[in-house]
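Residue 124 in full-length UniProt numbering sits at position 124 of the sequence shown, and the numbers go up by one each step.
Cβ coordinates follow ideal geometry from the N, Cα and C atoms, glycine included.
See below for the structure under consideration.
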Amino acid sequence: MLATVLHGERDVRLEEVPDPVLSTGGDAIVRVVAACVCGSDLWGYRGVTPTPKPRRIGHEFVGVVEAVGPEVRTIKPGDFVIAPFYDCDMTCVNCRNGVSTSCLHGGWWGANDQLGGYADGGQGERVRVPHADGSLVATPEYPREELIPSLLTLSDVMGTGHHAAVSAGVTEGSTVVVVGDGAVGLCAVLASARLGASRIVAMSRHESRQQLAREFGATDIVAERGDAGVAAVKALFDGIGADCVLEAVGTKESMDQAIRSARPGGMVGYVGVPNGGPELPVRPLFNDNIGVNGGVAPVRNYVEELLQDVWSGAIEPGRVFDLELPLRDIAEAYAAMDERRAIKSLVRP
Numbered sequence: 001m002l003a004t005v006l007h008g009e010r011d012v013r014l015e016e017v018p019d020p021v022l023s024t025g026g027d028a029i030v031r032v033v034a035a036c037v038c039g040s041d042l043w044g045y046r047g048v049t050p051t052p053k054p055r056r057i058g059h060e061f062v063g064v065v066e067a068v069g070p071e072v073r074t075i076k077p078g079d080f081v082i083a084p085f086y087d088c089d090m091t092c093v094n095c096r097n098g099v100s101t102s103c104l105h106g107g108w109w110g111a112n113d114q115l116g117g118y119a120d121g122g123q124g125e126r127v128r129v130p131h132a133d134g135s136l137v138a139t140p141e142y143p144r145e146e147l148i149p150s151l152l153t154l155s156d157v158m159g160t161g162h163h164a165a166v167s168a169g170v171t172e173g174s175t176v177v178v179v180g181d182g183a184v185g186l187c188a189v190l191a192s193a194r195l196g197a198s199r200i201v202a203m204s205r206h207e208s209r210q211q212l213a214r215e216f217g218a219t220d221i222v223a224e225r226g227d228a229g230v231a232a233v234k235a236l237f238d239g240i241g242a243d244c245v246l247e248a249v250g251t252k253e254s255m256d257q258a259i260r261s262a263r264p265g266g267m268v269g270y271v272g273v274p275n276g277g278p279e280l281p282v283r284p285l286f287n288d289n290i291g292v293n294g295g296v297a298p299v300r301n302y303v304e305e306l307l308q309d310v311w312s313g314a315i316e317p318g319r320v321f322d323l324e325l326p327l328r329d330i331a332e333a334y335a336a337m338d339e340r341r342a343i344k345s346l347v348r349p
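Following this line, the structure appears as C-alpha cells:
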C-alpha cells in the first residue's frame, strides 16, 4: 500500500510499504477515508524534532473497517470509525480515569505496539489498529460526505480544543482568551462557545483565521503580542484579565502570553505541544493564584460526547480544513501548512 514517510527536514514522501495484517487478536484493519496533517507533525517536518531515520507519520484518520481479529467484540467490518491520535484499550485504570493518553497498554501510530505488532501511520491507505474495541468509535451509519471533515477533527483537534476548555474550567458565563489561531486554537474557540462562554477573545493576526474564529463564536479579536497583547486583553476585562485562558501553541512566548492574560484566581488550560522551552513562572502564579492545567489531550474520552453534536450538525469543526488534496500530494499538504497557506490540510487516499 501507499503511506507517508518522513525522511528529514522538509522531506516527506509517499512510498510503497507493506500491507497491514491482523496479528494479535484484538486488532482491526481500517481503510482510510480521510486523514490530515497536524501542526505537531510540522516539528519533525521543519527539523525542530530530529528524524534520525525515515519513519511513518500521521495520527489522525477516519475510515471503514475491512477486517477484525477474533477477539474484537464491538467493532465489525463495514463500520465507519473514528480513531484518536493514539492507541488505547479503554479498559485500564488510566483510561477509566479519563486519561486514555496514558493507557497502560496503548501506543502511538507509526510505531510498534505493546502486543508485538505494528500500528501504521495514519497518513496512508490502511492502518492496523491494535485495540479495535478501545481505540475505535463507530458512527451510527456511514456519514454524509459533508460530515467527514468534522468527524475527522474528533481524532484530534476538536477533542484537543475541548480539552483546553475543560482543563481551564470553561462553563456557562465564563470569559475566555484563546492563544493560538491554528486548528486547535480555533476548535478551542468553538469548544468554549459550546460550553456557554459569555465572551471569547481570539488572539490572531491572520484575517482568514480571525473570520473563522468569529464564526466559531469569538466575540473579540486581539492581534497584538507580548506586552501589547496582554494590555489589549486586559483592557477588554476591566484591566483584570479573563477567567480562562486556553494555550494552544506550545512555546515559551505563548505560555507567557496565556499566564499574563489570566485574571487573579483564573485558570490556564494548555494543550500546545511543548516546543521552544515553555516553563512555568511559579512566583507570578503563586502571587495571583493562577492555576495551570492540561497536557496531551485524552480525546478518546471525549469522542462520544462531541460526536453527538457533530452528527446533528450543531457544530462544524471540520471548517478548519481549508485545503483538501489527494494523498499523492502529501508533500504539498505539509508545505501549505508550513508556509501558513493553509490552516489544516485534509488528504484522501
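Could you tell me the distance, in whole angstroms, from the CA atom of Ile82 to the CA atom of Gly239?
Distance between the alpha carbons of Ile82 and Gly239: 43 Å.
With a threshold of 6 Å on Cβ separation, who are the neighbours of Leu2 within its own chain once the five nearest residues in sequence on each side are excluded?
Same-chain partners within the cutoff: Leu14 and Glu125.
Coarse secondary structure for Phe286, derived from DSSP in three states
When DSSP states are grouped into helix, strand and coil, Phe286 belongs to the helix group.
In whole angstroms, give me the CA-to-CA distance for Asp288 and Ala231.
Cα-Cα distance, rounded: 17 Å.
Starting from Gly294, follow its DSSP beta bridges and name the residues at the other end.
Partner(s): Tyr270.
Count the other CB atoms, across all protein chains shown, that sit within 10 Å of the CB of Lys344; report buried if there are 16 or more and exposed otherwise.
The residue is buried, with at least 16 neighbouring Cβ atoms inside 10 Å.
Please report the distance separating the alpha-carbon of Asp329 from that of Val12.
A straight line joining the alpha-carbon of Asp329 with that of Val12 spans about 10 Å.
Measuring CB atoms only, is the segment 237-251 touching the segment 164-180, in the sense that at least three cross pairs come out at less than 8 Å?
At 8 Å Cβ cutoff, the stretches touch.
Below 8 Å between beta carbons: does that hold for Arg263 and Phe286?
Result no, Cβ atoms of Arg263 and Phe286 do not sit closer than 8 Å.
Residues that Gly63 bridges to, as DSSP identifies them
According to DSSP, Gly63 bridges with Val32 and Val81.
Applying the 10 Å Cβ sphere with the 16-neighbour rule, what's the burial state of Asp89?
Its Cβ being crowded by 16 or more others within 10 Å, Asp89 is buried.
To the nearest angstrom, how far is the alpha carbon of Ile290 from that of Ser192?
C-alpha separation (whole angstroms): 19 Å.
Distance between Tyr142 and Gln210 (C-alpha atoms, nearest Å):
For the pair Gln210 and Tyr142, the Cα-to-Cα distance works out to about 33 Å.
Is Pro18 helix, strand or coil by DSSP?
The answer is coil: DSSP assigns Pro18 none of H, G, I, E or B.
For the structure I just gave you, are there three or more beta carbon pairs, one from the segment 152-167 and one from the segment 45-64, closer than 8 Å?
They touch, by the three-pair rule.
Candidates Phe321, Val176, Glu339 and Val296, of which the one nearest residue 362 by Cα
In the structure displayed, the chain extends from 1 to 349; residue 362 sits before or after that span and is not available.
My parser needs the alpha helix (DSSP H) runs of 4 or more residues fully inside the segment 152-201; what are they?
Those alpha helix (DSSP H) runs which fall completely within the segment 152-201 and span 4+ residues are 157-168 and 183-194.
If you run the structure through DSSP and keep just helix, strand and coil, what is Asp322?
Note: Asp322 maps to coil in three-state DSSP.
In whole angstroms, what is the alpha-carbon distance linking Gly8 and Gly44?
Their Cα atoms are separated by approximately 7 Å.
To the nearest angstrom, how far is the alpha carbon of Pro298 from that of Gly159?
Rounded to the nearest angstrom, the two C-alpha atoms are 8 Å apart.
What's the gap between the Cα of Ala188 and the Cα of Gly116?
One alpha carbon belongs to Ala188, the other to Gly116, and they sit about 37 Å apart.
Taking the C-alpha atoms as reference points, what is the distance between His162 and Ile259?
C-alpha separation (whole angstroms): 19 Å.
Distance check for Gly110 and Gly272, CA to CA, integer angstroms please.
A straight-line Cα-Cα distance of about 21 Å links Gly272 and Gly110.
Give me, in chain order, the residues of the same chain whose beta-carbon lies closer than 8 Å to that of Gly265; leave out the 5 immediate sequence neighbours on both sides.
If you ignore the 5 residues before and after Gly265, its C-beta comes within less than 8 Å of the C-beta of Asp288, Asn289 and Ile290, all in its own chain and listed in chain order.
Within 10 angstroms of its Cβ, does Gln308 collect 16 or more other Cβ (buried), or is it exposed?
Classification for Gln308: exposed.
C-beta atoms of Asp227 and Ser204 nearer than 8 Å
No, the pair does not count as a contact, with Cβ atoms beyond the cut-off.
For Arg209, report the span of its alpha helix (DSSP H) as first-last.
Taken as a continuous stretch (DSSP letters only), the alpha helix (DSSP H) holding Arg209 covers Glu207 to Phe216.
So for Gly25, helix, strand or coil by DSSP?
If DSSP states are grouped into helix, strand and coil, Gly25 belongs with coil.
First through last residue of the beta strand (DSSP E) which encompasses Glu247
Residues Ala242 to Glu247.
Is Ser135 helix, strand or coil when you go by DSSP?
Of the three classes helix, strand and coil, the one that applies to Ser135 here is helix, per DSSP.
Please report how far the alpha carbon of Asp27 lies from the alpha carbon of Pro54, in whole angstroms.
Using only the alpha carbons, I get a separation of about 25 Å.
Indicate the three-state DSSP secondary structure (helix, strand or coil) for Ser102 in the structure shown.
Helix, per DSSP.
Report yes if the C-beta distance between Cys36 and Phe321 is below 8 Å; otherwise report no.
In this structure, Phe321 lies closer than 8 Å to Cys36 by Cβ.
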